[in-house]
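Once you know that position 73 of the sequence shown is 555 in my numbering, the rest is easy, because the numbers rise by one and skip nothing. So the structure is just underneath, and the comments pick up after that.
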Amino acid sequence: MRAAWVLLLPILLFAGCASTQVQTPSGSPEITLSGVRSDQVKPIILNVVINHKLRIKSDTPYSIAVERQTQNIAAGILLSTGYSGMPLERITFMIAEVPGGTRVVADGTFISNAGTAFEKSTPIGLNPQVQALLDEIAAMARAAPATNVPPPSARLR
Numbered sequence: 483m484r485a486a487w488v489l490l491l492p493i494l495l496f497a498g499c500a501s502t503q504v505q506t507p508s509g510s511p512e513i514t515l516s517g518v519r520s521d522q523v524k525p526i527i528l529n530v531v532i533n534h535k536l537r538i539k540s541d542t543p544y545s546i547a548v549e550r551q552t553q554n555i556a557a558g559i560l561l562s563t564g565y566s567g568m569p570l571e572r573i574t575f576m577i578a579e580v581p582g583g584t585r586v587v588a589d590g591t592f593i594s595n596a597g598t599a600f601e602k603s604t605p606i607g608l609n610p611q612v613q614a615l616l617d618e619i620a621a622m623a624r625a626a627p628a629t630n631v632p633p634p635s636a637r638l639r
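Here's what the structure looks like:
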């Protein structure tokens, strides 16, 4: 009986780790915001991630990377190291202007040994928390008043 548990336990523990492919063109969680320009989306993303106590790792015109120490116990057990402790959750939001709006794609990873030469990235896969962040961004974008102000690049001419 004990031998059966020894064989069954790893299967049960890792059964929830299987990644499900998201049915989007990118294969990652994403949203498309109709009638919203990319320069209007970035402040909304920043507001949402700050509300969720995520730190901004990097910011470029077309992406924002945020991170925090993971609260995921399983990830902490499997991915923590004596060198760096608990892994980080890093989410990168990629922003692309599309006809009629803006597309935001999120890519989540666990980072072990963050900030070292031995930094290792492990994809999070389908994560309801990442999709919830995108849904919150979409709700805030819909609630924001529509503006007819031209984008900054058009105002400089």
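Here a beta-carbon is modelled for each residue, glycine too, at the ideal position from N, C-alpha and C.
DSSP places M568 in the coil class of the three-state scheme, outside both helix and strand. With 16 or more other Cβ atoms inside 10 Å of its own Cβ, A596 counts as buried. DSSP places S562 outside both helix and strand once states are collapsed to three, so it counts as coil. In this structure, the alpha-carbon of I619 lies about 18 Å from that of T506. The beta-carbon distance between I577 and K524, rounded to whole angstroms, is 7 Å. This is short enough to meet the 8 Å contact definition.
Contact check for L616 and V586: beta-carbon distance about 6 Å, within the 8 Å limit, so the pair qualifies.
Excluding five sequence positions before and after L528, the CB atoms of its chain that fall closer than 8 Å to its own CB belong to I538, I546, given in chain order. Shortest Cα-Cα distance from Y565 to any of A557, G583, A599, G582 involves A599. Boundaries of the beta strand (DSSP E) around S516: 512-516.
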